[in-house]
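Participant:
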Amino acid sequence: MQALLHQILSGVATGGIYASVALALVMIYQATHHVNFAQGEMATFSTYIALTLIAAGLSYWLAFLLTVVISFAIGVVIERVLMRPMAQAPVLSSVGVFIGLLLIFNSVTGWIFSYSVKAFPSPFPETSRALGGWASPHEVGATLVTLVVLVLVYGFFRFTKLGLAMRAAAFNPASSRLVGIQVGWMLALGWGLAAAIGAIAGMMVAPIVFLDPSMMSGILLYAFAGALLGGIDNPLGAVIGGFAVGVIENLAGAYLVGPELKLTLALIIILAVLILKPAGLFGRAIVSRV
């Protein structure tokens with residue numbers, strides 16, 4: 064029973080990381096109706112920036128905040144420079160840009176910071192186990208950080224004028240322009256916010272898996288599975304789906320398929336959702352008249 068509870072709590076902790084990345088994927092999907100395949104590589108690049116700032120002598124949390132700000136700026140620049148000219152481009156062209164971003168960020172990260180595996184510090188002391196020994200302090204701390212971020216994002220989109228304007232711009236750009244909303248800048252801010260959230264996820268997962276240029280590749284697959292499971296057009300559903308995938312991964316990896324085949328679970332979830340319920344558990348099916 065204790066082992067089962069430990070697996071569930073660990074799954075919730077890793078699921079929080081998946082939920083953060085899934086939320087970032089959904090935010091960009093709502094704005095562009097495309098999946099940002101480079102989200103994981105962008106998060107990895109930001110994590111290396113944080114490690115560089117910490118190595119330069121900054122405290123962890125100051126480096127954390129600066130990395131979030133820098134990542135936000137990178138996301139805005141990418142949208143303004145690369146994605147804005149692709150607004151009316153065919154779908155395959157946009158997919159090509161996303162794949163190109165993935166390869167560029169992966170290569171540039173290795174070129175600048177090297178391809179060697181590096182340890183990333185945790186802000187949570189590992190002197191003792193938390194929750195009666197069922198979870199590590201970092202797992203508990205990362206879960207709390209993720210929950211705080213998700214609550215702040217929810218409050219931003221639900222209760223602020225800027226957040227409501229961003230939601231309107233993503234949902235109906237034409238009507239938003241008629242009421243004076245600068246849709247272009249709202250989409251750029253959405254990209255920036257998604258990049259910042261991805262950076263937080265990268266900094267929370269790096270102490271667990273260690274840091275290398277391909278650190279987020281598997282995590283992006285799990286996050287995509289979570290986003291599809293909850294609903295690729297539903298931010299809350301994507302968050303719930305991310306947590307669910309984390310728990311499923313841990314339990315199935317421990318009791319069914321073993322740790323070597325855990326990544327195949329994400330593929331199974333993706334295929335099952337696309338076949339049985341393409342809109343996800345909390346998404347809405349959209350019918351287009353042709």
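Position 227 (the sequence shown) corresponds to 290 in the working numbering; numbering is contiguous. Heads up, the beta-carbon is just placed ideally off N, CA and C, and yes, glycines get one too. Every value quoted in this text rests on a predicted model; they were computed, and no experiment measured them.
List the DSSP bridge partners of residue 274.
Facilitator: DSSP, once it has assigned bridges, lists 181 as partnering residue 274.
Participant: Is the beta carbon of residue 268 sitting closer than 7 Å to the one on residue 117?
Facilitator: no
Participant: Can you tell me which of 68, 69 and 78 puts its alpha carbon nearest to the alpha carbon of residue 281?
Facilitator: 78
Participant: Do the CB positions of residue 134 and residue 231 come within less than 7 Å of each other?
Facilitator: No, Cβ-Cβ distance for residue 134 and residue 231 is not below 7 Å.
Participant: Can you tell me the Cα-Cα spacing of residue 325 and residue 90, whole angstroms?
Facilitator: Spanning the two alpha carbons is a distance of roughly 27 Å.
Participant: If you draw a straight line from the C-alpha of residue 211 to the C-alpha of residue 180, how long is it?
Facilitator: 29 Å
Participant: Starting from residue 151, trace the alpha helix (DSSP H) both ways and give me its first and last residue.
Facilitator: Careful: residue 151 lies outside any alpha helix (DSSP H) and carries neither H nor E.
Participant: Where does residue 187 sit, in a helix, a strand or coil, going by DSSP?
Facilitator: coil
Participant: Is the distance from the Cβ of residue 293 to the Cβ of residue 234 below 7 Å?
Facilitator: no
Participant: Any contact between the region 110-129 and the region 310-328? By contact I mean 3 or more CB pairs, one from each, below 8 Å.
Facilitator: As far as the Cβ criterion goes, the region 110-129 does not touch the region 310-328, which means the pair count is below three.
Participant: Using a beta-carbon distance below 7 Å, is residue 331 in contact with chain C?
Facilitator: Among the chains in the structure shown there is no chain C, since it carries only a single protein chain.
Participant: When you compare only the Cα positions, how much space is there between residue 68 and residue 336?
Facilitator: 27 Å
Participant: Among 160, 206 and 137, which one has its Cα closest to the Cα of residue 75?
Facilitator: 206
Participant: Answer yes if the region 98-110 comes into contact with the region 165-185, meaning at least three C-beta pairs across the two stretches below 8 Å, and no otherwise.
Facilitator: Output reads yes: the region 98-110 touches the region 165-185.
Participant: Measuring only the C-alpha atoms, how far is residue 145 from residue 248?
Facilitator: 14 Å
Participant: Output the distance between the C-alpha atoms of residue 6 and residue 148, rounded to the nearest integer angstrom.
Facilitator: In this structure the chain extends from 64 to 353, so residue 6 is not present and cannot be described.
Participant: My output table needs one value for residue 120: the three-state DSSP class, helix, strand or coil.
Facilitator: coil
Participant: Is residue 83 buried or exposed, if buried means 16 or more other CB atoms sit within 10 Å of its CB?
Facilitator: buried
Participant: Taking residue 150 and residue 130 to be in contact with their CB atoms under 8 Å, please state how far apart those CB atoms are, rounded to whole angstroms.
Facilitator: About 29 Å separates the two Cβ atoms, so there is no contact after all.
Participant: Which ranges does the alpha helix (DSSP H) cover as unbroken runs of at least 4 residues, wholly within the region 293-334, from first to last along the chain?
Facilitator: 298-318
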